[in-house]
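Peer 1:
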Amino acid sequence: MSIKDKKIRVLIAKPGLDSHDRGAKIVARALRDAGMEVIYTGLRQTPEQIAETALQEDVDVIGLSILSGAHMTLFPKTMQLLKKKGLTDVLVFAGGIIPEEDVPALKKAGIREVFGPGTPTSSLVEFVKNNVPSPR
Amino acid sequence: MTKATTVQGLVQGVLHGEKRAIAKTISKIENNEPEAQKIISLIYPKTGKAHIIGITGPAGVGKSSLVEKLAKELRNRQKTVGIVAVDPTSPFTGGAFLGDRVRMQDLSTDEDVYIRSMATRNSPGGLARATKDATHVLDAAGKDVIIVETVGAGQSEVEVVKVAQTVVVVLAPGLGDDIQAIKAGQMEIGDIFVVNKADRENADKAESDIKTMLEMDVEEKGWKPLVLKTSALTGEGIGELLEAIEEHSAYLKKGALERQRRASAEIELIEALKQKITESIIQDLRQRGEWVRATEKISTREVDPYSAADNLLSRRLQKSGKP
């Protein structure tokens, strides 16, 4: 009976000590332009901060962005905390400077897809739209 | 931690302050899901305890930073805090960039602070349709103080007065002549005026300009708005701001609060009625094809919108004896 108004909520988060966030902001803007509500929390987030934010904001999707090379410690830690907080049905993708050979381990940790620099934002938008978990 | 997403599960979760339940409930309200109304009806009796503070003012004055400092000070005084930070939805894409949390990073791991970023979804006036109900959820969840931060677009942002009990208007030096320009609207709704960025030049002048403007207000009001300076950067004036807020809260409790509640109840009832009327009548008219017929007649100038509405409503009355 009521007129529904559902939006996809995305958290774009930068774990670790990166010094700039140009890429993350480009992704955030692209998702916004595709009609999504994008929560951006700024630089230097800890896995705990990211998981807690995802919980409070009830996000459907999380995009983790990292340039510093610390993804192999920070990403699995984040996935662990998400699980601990009961956020098991959130779509998580990653981007930034992540070597090919690290991707399988990250996927095993629960990251659905890893996007390298130069990925067209349109592919990212398509990916999110096609893989966002259906209404729970 | 309850995993139930049933109405009862969420209600119990909210009343116990469980974050996942709070999060899911606010989402249901934003998405206008049918369970949302049921949940609100069950938690509503437990609301009315929190002190709701509205933080409004032009873009760039430092509202989010001020909210963070305020929340930290409240935490120092053992109060639990809920924050709803509103940002605009693009009228073209329907999307939104919700970046207020960038200025509130220190709060994100405090167990007793709940922060929700909310997009206006094209509601006018600086807040979302769901903002008021979100404060009900945080209230029922036991938050002592709820801070609502408006979009920050300017004069027309007066919706906050319907949601907050104490309205804090934040300004910054360098607005200069703009303080003269912010005459109607925002200057009328402030219970407390804050000149942020007190470390800047002209902060003192801005403060006295505002005081002068308020003095020109001849009408006798119960509460004389307070004016102060803060620096969200250094923390200067935050304690004083909290004192001022508490002073206003004490003033409200002496009687104005009751009047405010009554006025608030009327507003909420009107909003609820408008929503229901829109949903039920319009949906029904659409189903019967009457909607399309009426809109066609209006677009070909055969009839004006008011007469068309009269027509539709009187036909409904004739048919069923009720609107």
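Chains H and L, in that order, are what the protein sequence lines are. This note's numbering puts the first residue of the first sequence at 84, with every later residue one more than the last. This note's numbering puts the first residue of the second sequence at 27, with every later residue one more than the last. Every residue, glycine too, gets a C-beta built ideally from N, C-alpha and C.
(1) Which ranges does the beta strand (DSSP E) cover as unbroken runs of at least 3 residues, wholly within the segment 115 to 144 of chain L, from first to last along the chain?
(2) Can we say the segment 123 to 131 of chain L touches the segment 90 to 100 of chain L, given the rule of at least three CB pairs closer than 8 Å?
(3) Taking just the CA atoms, how far does L:E44 sit from L:M27?
(4) Just how far apart, CA to CA, sit L:V40 and L:I69?
(5) Using beta-carbon positions only, say whether L:R46 and H:L138 come within less than 8 Å of one another.
(6) From L:G108 to L:D165, what does the alpha carbon distance come to, in whole angstroms?
(7) What is the DSSP secondary structure of L:H77, counted as helix, strand or coil?
(8) Pop quiz: L:I65 and L:K75 are said to be a contact at Cβ under 8 Å. What is the actual Cβ separation, rounded to whole angstroms?
(9) Excluding the 5 residues preceding and the 5 following L:I218 in the sequence, name in chain order all residues of the same chain whose CB lies nearer than 8 Å to its CB.
(10) List the whole-angstrom C-beta distance separating L:L153 from L:T146, where the pair is believed to meet the contact cut-off of C-beta under 8 Å.
(11) By the criterion of Cβ-Cβ separation under 7 Å, what are the contact partners of L:A76 in chain H?
(12) For a contact meaning CB atoms closer than 8 Å, what does L:R127 contact in chain H?
(13) From L:V163 to L:I324, what does the alpha carbon distance come to, in whole angstroms?
(14) Considering only residues of the same chain and omitting the five flanking positions on each side of L:E175, which have a CB-CB separation below 6 Å?
(15) Going by DSSP, which residues form a beta bridge with H:R92?
(16) Is the CB-CB distance between L:F105 and L:V177 below 8 Å?
(17) Return the first residue and the last residue of the alpha helix (DSSP H) that L:I296 is part of.
(18) Tell me which residues of the segment 132 to 163 of chain H have at least one Cβ-Cβ distance to chain L shorter than 7 Å, keeping chain order.
(19) Quick one: list the residues of chain H neighbouring L:I52, beta-carbon separation under 8 Å, in chain order.
(20) Determine, using beta carbons only, whether L:A232 and L:L259 come nearer to each other than 8 Å.
(21) Closest by CA to H:E140, which one among L:P84, L:Y140 and L:K158?
(22) Under 8 Å between the Cβ atoms of H:V173 and H:V197?
(23) Kindly list, in the order they appear in chain H, the residues whose Cβ is closer than 7 Å to that of L:S143.
(24) Which residue comes first and which comes last in the alpha helix (DSSP H) that contains L:K158?
(25) In chain H, which residues lie less than 8 Å from L:Q313 when you measure between Cβ atoms?
(26) What residues of chain L sit near H:R115, judged by a beta carbon separation below 8 Å?
(27) Short of 7 Å in beta carbon distance, which residues of its chain neighbour H:G193, apart from the five on each side in sequence? Order them along the chain.
Peer 2: According to the structure shown:
(1) For the segment 115 to 144 of chain L, whole beta strand (DSSP E) runs of length 3 or above, ordered along the chain, are 122 to 124.
(2) The answer is yes - the segment 90 to 100 of chain L touches the segment 123 to 131 of chain L, with three or more Cβ pairs under 8 Å.
(3) Numbered from 1 along the second sequence, position 1 holds the residue referred to as residue 27 of chain L. Numbered from 1 along the second sequence, position 18 holds the residue referred to as residue 44 of chain L. In this prediction, L:M27 has a pLDDT of 43, which is less than 50 and means its spatial position is unreliable; what the coordinates show is noted afterwards. Computed Cα separation, rounded: 7 Å.
(4) Your numbering for residue 40 of chain L matches position 14 in the second sequence. Your numbering for residue 69 of chain L matches position 43 in the second sequence. So the alpha carbons of these two residues sit roughly 8 Å apart.
(5) Translated into the one-based positions of the second sequence, residue 46 of chain L becomes position 20. Translated into the one-based positions of the first sequence, residue 138 of chain H becomes position 55. Going by C-beta atoms, L:R46 is nearer than 8 Å to H:L138.
(6) Within the second sequence, numbered from 1, the residue matching residue 108 of chain L stands at position 82. Within the second sequence, numbered from 1, the residue matching residue 165 of chain L stands at position 139. Roughly 8 Å between the two C-alpha positions.
(7) As a working note, residue 77 of chain L is residue 51 in the second sequence. When DSSP states are grouped into helix, strand and coil, L:H77 belongs to the strand group.
(8) In the second sequence, the residue the question calls residue 65 of chain L occupies position 39. In the second sequence, the residue the question calls residue 75 of chain L occupies position 49. Incorrect: roughly 18 Å between the Cβ atoms, too far for contact.
(9) Counting from 1 along the second sequence, the entry for residue 218 of chain L is found at position 192. Apart from the 5 residues on each side of it in sequence, L:I218 sits with its Cβ closer than 8 Å to the Cβ of T192, V193, V194, V195, P251, L252, V253, L254, L267, A270, I271 and H274 in its chain, given in chain order.
(10) Against the second sequence, residue 153 of chain L aligns to sequence position 127. Against the second sequence, residue 146 of chain L aligns to sequence position 120. Your pair L:L153 and L:T146 checks out as a contact, with CB atoms roughly 7 Å apart and the cut at 8 Å.
(11) As a working note, residue 76 of chain L is residue 50 in the second sequence. Going along chain H, no residue has its Cβ under 7 Å from L:A76, so there is no contact; the nearest lies around 17 Å.
(12) Taking the second sequence and counting its residues from 1, the one referred to as residue 127 of chain L is at position 101. Residues of chain H passing the Cβ test: I122, Y123, T124, G125 and T136.
(13) Sequence index remark: in the second sequence, residue 163 of chain L carries index 137 (1-based). Sequence index remark: in the second sequence, residue 324 of chain L carries index 298 (1-based). Their Cα atoms are separated by approximately 42 Å.
(14) On the second sequence, residue 175 of chain L is found 149 positions in, with the first residue counted as 1. I81, K89, V93 and A111.
(15) Numbered from 1 along the first sequence, position 9 holds the residue referred to as residue 92 of chain H. Listed as beta-bridge partners of H:R92 by DSSP are H:E120.
(16) Here residue 105 of chain L refers to the residue found at position 79 when the second sequence is read from its first residue. Here residue 177 of chain L refers to the residue found at position 151 when the second sequence is read from its first residue. According to the sequence displayed, residue 105 of chain L carries Lys and not Phe. No. Outside cutoff.
(17) If you number the second sequence from 1, residue 296 of chain L lands on position 270. Per DSSP, the unbroken alpha helix (DSSP H) holding L:I296 starts and ends at L283 to I303.
(18) Residues of the segment 132 to 163 of chain H with a C-beta less than 7 Å from any C-beta of chain L: Q132, E135, T136, L138, Q139, E140 and D141, listed in chain order.
(19) In the second sequence, the residue the question calls residue 52 of chain L occupies position 26. What L:I52 touches in chain H: D141.
(20) Start at 1 with the first residue of the second sequence, and residue 232 of chain L comes out as number 206. Start at 1 with the first residue of the second sequence, and residue 259 of chain L comes out as number 233. No, Cβ-Cβ distance for L:A232 and L:L259 is not below 8 Å.
(21) If you number the first sequence from 1, residue 140 of chain H lands on position 57. Closest by alpha carbon: L:Y140.
(22) Start at 1 with the first residue of the first sequence, and residue 173 of chain H comes out as number 90. Start at 1 with the first residue of the first sequence, and residue 197 of chain H comes out as number 114. Not in contact: H:V173 and H:V197 (Cβ atoms no closer than 8 Å).
(23) Along the second sequence, one-based indexing puts residue 143 of chain L at 117. Contact annotation for L:S143 against chain H: I122 and E140 [CB-CB distance below 7 Å, chain order].
(24) For the purposes of this step, residue 158 of chain L is taken as residue 132 along the second sequence, with counting starting at 1. Where L:K158 is concerned, the enclosing alpha helix (DSSP H) stretches over T157 to A166.
(25) In the second sequence, residue 313 of chain L corresponds to position 287, counting from 1. Near L:Q313 there are no residues of chain H at all, since even the closest Cβ is about 12 Å away, more than 8 Å.
(26) As a working mapping, residue 115 of chain H is identified with position 32 in the first sequence. Chain L residues near H:R115: S116, T119, G121, A122 and F123.
(27) Counted from its first residue, the first sequence places residue 193 of chain H at position 110. By the criterion of a C-beta distance shorter than 7 Å, H:G193 is surrounded in its chain by M162 and V175, once the five residues flanking it on both sides are discounted.
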